[in-house]
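Notes follow the structure.
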Amino acid sequence: MELLHTIKEMRSWRSRQPLGARIGLVPTMGALHRGHATLAAQAVAENDRSIASIFVNPTQFGPQEDYSRYPRDLGADAALLAGLGIDAIFAPQARDIYPQQAQITYDIRDLDKRLCGASRPGHMNGVLQIVSILFHIVQPTHAYFGLKDYQQYLLIRRMATELHFPVQVVPCPIVREPDGVAMSSRNRYLDSEQRKQARFLRDVLDDLVGRRSVLQGPADIAQIVEARQAQYPAVRLDYCEVLGGRDLQPISSFNAAQAPVAFIAAYLGQTRLIDNAPLYDYPPA
Ligand code: AMP
Numbered sequence: 236m237e238l239l240h241t242i243k244e245m246r247s248w249r250s251r252q253p254l255g256a257r258i259g260l261v262p263t264m265g266a267l268h269r270g271h272a273t274l275a276a277q278a279v280a281e282n283d284r285s286i287a288s289i290f291v292n293p294t295q296f297g298p299q300e301d302y303s304r305y306p307r308d309l310g311a312d313a314a315l316l317a318g319l320g321i322d323a324i325f326a327p328q329a330r331d332i333y334p335q336q337a338q339i340t341y342d343i344r345d346l347d348k349r350l351c352g353a354s355r356p357g358h359m360n361g362v363l364q365i366v367s368i369l370f371h372i373v374q375p376t377h378a379y380f381g382l383k384d385y386q387q388y389l390l391i392r393r394m395a396t397e398l399h400f401p402v403q404v405v406p407c408p409i410v411r412e413p414d415g416v417a418m419s420s421r422n423r424y425l426d427s428e429q430r431k432q433a434r435f436l437r438d439v440l441d442d443l444v445g446r447r448s449v450l451q452g453p454a455d456i457a458q459i460v461e462a463r464q465a466q467y468p469a470v471r472l473d474y475c476e477v478l479g480g481r482d483l484q485p486i487s488s489f490n491a492a493q494a495p496v497a498f499i500a501a502y503l504g505q506t507r508l509i510d511n512a513p514l515y516d517y518p519p520a
């Protein structure tokens, strides 16, 4: 496995790959867990060459967010990826990716205005900035993204389609802890009590899926959230919404044809966690 730090090294690696090779990219911010490992294993299995990027992208963090304390452990990440058979890691420096402050911004009409786009102003723009930069530098043919960040996945897919990036965006299933909590690098911020209370997100999603045939609208959703909040007093809800899974627009009825997806975000102390679940199935990619 090659560890590539500079853009020059990255471009050189890319130029050495056989013409027409299928190249799978797994973009990550490091602090890897089993969720990332599943994406990486899929990339290894489906491509001639596979590469993971590890880069804590400053432009997707707000001024009050955890950019400086985000966990970084390149040694452990490299060992995990090597064990999975990844061919290369691209781990650049922020000053090389952004030699000047980024001036080009992304605004995708409706897709980035709700959910995390609303709660974290500028976040989705930062994600699209780094993903477009990585697509240009790495030139993958396939790129792997987790459905845990469903809004992010939809936005990236839309960007790749609309801007004609020659990349297929591949969605990957959510990987969970044994108790159902979605794996996240931020779970390591939680103390043991907060970790127990993180079940809140999963429980609300399970309730919404379980009651999908009787759900009428936002009032029912609010009632389900309220009932669970009584059980998890340490949790501070950010949002819980059920939207159409194709375009993240509000829907008037929660039947399978609308491909409704339930989204939830909540704080445990300073730590913000997100999760989602389709009430039926995710819409086809
Ligand atoms: P991150 O390092 O958090 O930016 O995540 C890198 C990629 O891993 C993104 O495509 C995430 O959606 C994906 N990912 C993170 N956690 C999970 C998980 N629990 N299950 C599946 N994919 C995940």
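Numbering (our numbering), first residue to last: 236 to 520. In this text, a Cβ means the ideal position worked out from N, Cα and C, and glycines have one as well.
Expected contact under 8 Å - CB spacing of residue i and residue j to nearest Å
| i | j | result |
| --- | --- | --- |
| GLY270 | LYS383 | 7 Å |
| LEU390 | ASP347 | 6 Å |
| ARG463 | ASP438 | 5 Å |
| VAL261 | ALA287 | 4 Å |
| ASP331 | THR241 | 6 Å |
| ASP308 | ALA266 | 6 Å |
| LEU274 | TYR379 | 4 Å |
| THR294 | ILE365 | 7 Å |
| ARG434 | ASP414 | 6 Å |
Sequence-distant residues of its chain with Cβ nearer than 6 Å to residue i (five each side left out)
| i | result |
| --- | --- |
| TYR502 | ARG471 |
| PHE363 | Note on residue identity: the sequence assigns Leu, not Phe, to residue 363. Excluding sequence neighbours, LEU363 sits near TYR341, MET394. |
| GLN403 | HIS377 |
| ASN360 | THR340, TYR341 |
Neighbourhood of residue i by C-beta, 7 Å cutoff - its chain only, sequence neighbours within 5 removed
| i | result |
| --- | --- |
| MET418 | HIS268, ARG269, GLY270, VAL410, ARG411, GLU412 |
| ASN282 | ARG257, ILE258, GLY259, HIS377 |
| ARG284 | GLN252, ALA256, ILE258, ASP322 |
| GLY357 | GLY297 |
| PHE489 | ARG447, LEU450, VAL477, PRO495, LEU514 |
| TYR424 | THR506 |
| PRO408 | LEU382 |
| GLY320 | VAL279 |
Residues of its chain near residue i, where Cβ-Cβ distance is below 8 Å and the 5 sequence neighbours each way are ignored
| i | result |
| --- | --- |
| ASP345 | ASP482, LEU483, GLN484 |
| LEU478 | ARG349, LEU350, GLN484, PRO485, ILE486, PRO495, VAL496, PHE498 |
| VAL373 | MET245, ARG249, ILE258, LEU260, ILE286, SER288, PHE325 |
| LEU440 | ALA497, ILE499, ASP510, ASN511, ALA512 |
Of the listed residues the options, nearest to residue i (C-alpha basis)
| i | options | result |
| --- | --- | --- |
| ASP510 | ALA520, TYR474, ASN490 | TYR474 |
| PHE296 | ASP442, TYR424, SER354, TYR515 | SER354 |
| LEU239 | LEU274, GLN277, PHE290, LEU319 | PHE290 |
| ARG392 | MET264, GLU237, PRO519, MET236 | PRO519 |
| GLU397 | LYS431, PRO406, ILE343, ALA433 | ILE343 |
| GLU237 | PRO306, TYR305, ALA317 | ALA317 |
| GLN432 | PRO453, ALA469, GLN277, GLN335 | ALA469 |
| PHE370 | TYR385, HIS399, GLN386 | HIS399 |
Check your understanding: What are the uninterrupted segments assigned as alpha helix (DSSP H) that are 4 or more residues long and contained completely in the segment 398 to 480, given in chain order?
Key -> The segment 398 to 480 contains these whole alpha helix (DSSP H) runs: 427 to 432, 434 to 445, 453 to 466.
Check your understanding: With contact counted as at least three CB pairs below 8 Å, one residue from each stretch, are the segment 248 to 255 and the segment 295 to 314 in contact?
Key -> They do not touch, by the three-pair rule.
Exercise for review: Count the CB pairs spanning the segment 449 to 469 and the segment 326 to 333 that are closer than 8 Å, and state whether there are at least three.
Suggested key: no
Check your understanding: Which parts of the segment 320 to 376 are runs of the alpha helix (DSSP H), unbroken and 4 residues or longer, counting only runs that do not cross its ends?
Key -> As for any alpha helix (DSSP H) of minimum length 4 sitting wholly inside the segment 320 to 376, the runs are 329 to 332, 350 to 354, 358 to 373, ordered along the chain.
Review point. Counting only runs that start and end within the segment 261 to 306, where is the alpha helix (DSSP H) found for 4 or more residues in a row?
Key: 269 to 281
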